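So the sequence shown is residues -28 to -1, 1 to 108, counted in mature numbering (1 follows the signal peptide of the UniProt record, and there is no 0). First comes the structure, then the notes that go with it.
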Amino acid sequence: MLKSMKTTVALTAGALALGVLGAAPALADEEQPQTSGTTQAAPEAAVEETADHTAEAASHVRWGKVVTWRGVNIRSKPTTHSKVLGAYPYHAKIKIACKVKGQNIDGNNRWYKLYDRKGWVTARYVKNLDYIPWCR
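The structure is reproduced here in structure tokens:
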């Protein structure tokens, strides 16, 4: 009786540990939209370099999805210091050409060049549904 009790306790403890450890990666993958935060300006050299490389953007369309309830602005350059050209609403599926390094938005300095129109969106608020290549 004592041996089966020890076995039961050991199996229960193992199952609990596996459940807790197994849930951690699933929670870590979830993107949590932030409603506030600080932004840092991108170095000017990075923005200029970006403009040079966008002419050879990927020709294959990739998809992304807006994950913040506020939507995401479409910018003329990969920085919030550039002109707003429009916006995509929450859950919008968007066509992405490629990615670059730009202004850091809440810890994410990646920006996506749009495939079917002029402009850029911050990757902070867009979940990539496909592999997104670097702009050349």
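Beta carbons are placed, not taken as given, at the ideal position from N, Cα and C, and that holds for glycine. Since this is a predicted model, take the numbers as computed values, not measurements.
Excluding sequence positions up to five before and after H63, its CB lies within less than 7 Å of the CB of K37, V38, all in the same chain and listed in chain order.
Around the CB of R96, 16 or more other CB atoms lie within 10 Å, so the residue is classed as buried. In this model, D102 and T52 are separated by some 25 Å (Cα to Cα). DSSP, reduced to helix, strand and coil, places R42 outside both helices and strands of the structure shown, so it counts as coil.
For L57, the enclosing beta strand (DSSP E) covers residues 56 to 60. By the neighbour-count criterion, in which 16 or more other beta carbons inside 10 Å mark a residue as buried, P61 falls on the exposed side. In the DSSP secondary-structure assignment, V33 is not bridged to any residue. The bridge partners DSSP lists for R82 are K73. Counting of Cβ neighbours within 10 angstroms places V56 among the exposed residues, the total staying below 16. Secondary structure at R89: coil, using DSSP grouped into helix, strand and coil.
About 6 Å separates the beta carbons of K65 and W35, which is inside the 8 Å limit, making them a contact pair. K49: not part of any beta strand (DSSP E); DSSP gives it neither H nor E.
It is roughly 5 Å from the alpha-carbon of I46 to the alpha-carbon of W92.
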